[in-house]
Amino acid sequence: MRVRLDMLAAWRLRRDAANYVRGLWTEPDAADVEWITSLEPAGDIDHARWELRYLQRAAILVAAERDALDDRTPAAVARAIARAFDSDSAVAHDRAVVARRQFNERLAAYRSVLTTRETTPLIPRLGVVLLTFLGRPTAATDPVAIRAGIIAQDALAAANASLRERFGAVALPENIAPSRIA
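Heads up: the sequence shown begins at 1 in my numbering, then just goes up one per residue.
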C-alpha cells in the first residue's frame with residue numbers, strides 16, 4: 001500500500017510540475033519584446049524574444065528552487081522544463097542543443113545575481129544580466145538596467161505566484177520565528 005501511495009504522490013508531483021511549467025511557457029509580452037529589440041545592437045527581434053523567453057524559463061526554475069515547499073519540486077520542475085524544450089515548436093530540431101546550452105548559461109547568471117549579496121540593488125543587477133546576454137552590456141546605474149530589471153523581477157514574481165497557486169504557500173504561525181519551527 002505504501003508503494004502505491006508513493007507512486008501516486010510522484011505522479012501528482014510530475015503532473016503539477018508539468019502544469020506549472022506549461023502555464024508559464026508563454027510568449028513574452030509584445031511591449032517588452034519591442035523595447036528589448038530597440039536595445040538589441042542589430043535590432044534583432046528574434047534575439048530579443050529569445051532572451052525574454054530564456055528569462056521567463058529561468059524564472060520558472062529559480063522560483064521552484066527558492067520557494068517550493070517540497071524539496072522534490074525543483075527536480076520535477078527541471079525535468080518538466082527539459083521536456084518542454086524537447087517539444088517547443090519555437091526551437092528548431094537541429095538547434096535544441098544550442099538552446100539548452102544558452103538557457104543553462106542564462107539560468108546560472110540569474111541564479112548568481114539572486115544569491116550574491118551586493119550593495120547594488122537587485123533589480124538593476126537582474127537588468128544587467130538580461131542586457132548583457134542581449135549584447136548590450138551596461139552598468140547597474142544605467143536607467144535601462146532598471147527597466148530591464150523590472151521585466152526580470154516581473155517574470156520572477158509571476159513564476160512565484162504560479163508556484164504558490166500550484167503547490168501551495170508557506171503558512172507559518174505568526175507568534176513563532178521560522179528558525180524555531182522544527
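Glycine residues also receive a C-beta, built at the ideal position from the N, C-alpha and C atoms.
Predicted model only: the values in this text are computed from it and were never measured.
Query: I need the DSSP call for L122, collapsed to helix, strand or coil.; Result: helix
Query: When DSSP labels each residue in this structure, what does D174 get in the three-state scheme?; Result: Correcting the residue identity first, residue 174 is Glu in this sequence and not Asp. Coil at E174, not helix or strand.
Query: If we call anything under 7 Å between Cβ atoms a contact, is V33 one with R49?; Result: yes
Query: If you follow the alpha helix (DSSP H) that E165 is part of, which residue opens it and which one closes it?; Result: 143-167
Query: Please look up how many angstroms separate the CB atoms of T138 and V129, rounded, as I've assumed it's under 8 Å.; Result: Not quite, the Cβ-Cβ distance comes to about 11 Å (not below 8 Å), so this is no contact.
Query: Let me know if T115 comes out buried or exposed under the rule of 16 or more other beta-carbons within 10 Å of its beta-carbon.; Result: exposed
Query: Is DSSP giving R66 helix, strand or coil here?; Result: helix
Query: Can you round the beta-carbon distance between T120 and A140 to whole angstroms, since I take them to be within the 8 Å contact cut?; Result: 5 Å
Query: Out of Y110, V98, L134, D86, which one is the CA nearest neighbour of E65?; Result: Y110
Query: Just how far apart, CA to CA, sit L134 and T26?; Result: 19 Å
Query: May I have the straight-line CA-CA distance separating R15 from D86, to the nearest angstrom?; Result: 17 Å
Query: Leaving out the 5 sequence neighbours to the left and right, which residues in its chain are closer than 6 Å to V113 when beta-carbon positions are compared?; Result: R125, L126, V129
Query: Is the separation between the beta-carbon of L242 and that of A76 shorter than 7 Å?; Result: No answer is possible for residue 242: the residues shown for the chain start at 1 and end at 182.
Query: Could you spell out the range, first to last residue, of the alpha helix (DSSP H) harbouring D88?; Result: Where D88 is concerned, there is no enclosing alpha helix (DSSP H), given that its DSSP letter is neither H nor E.
Query: I think R57 touches F103, with their Cβ atoms under 8 Å apart; what is that distance to the nearest whole Å?; Result: 6 Å
Query: Taking all protein chains shown into account, do 16 or more other C-beta atoms lie within 10 angstroms of the C-beta of A42, making it buried, or fewer, making it exposed?; Result: exposed
Query: Taking the alpha carbon of A155 as the reference point, which residue from A17, A10, D29, D6 has its own alpha carbon closest?; Result: D29
Query: May I ask you to report which of helix, strand or coil DSSP gives P137?; Result: coil
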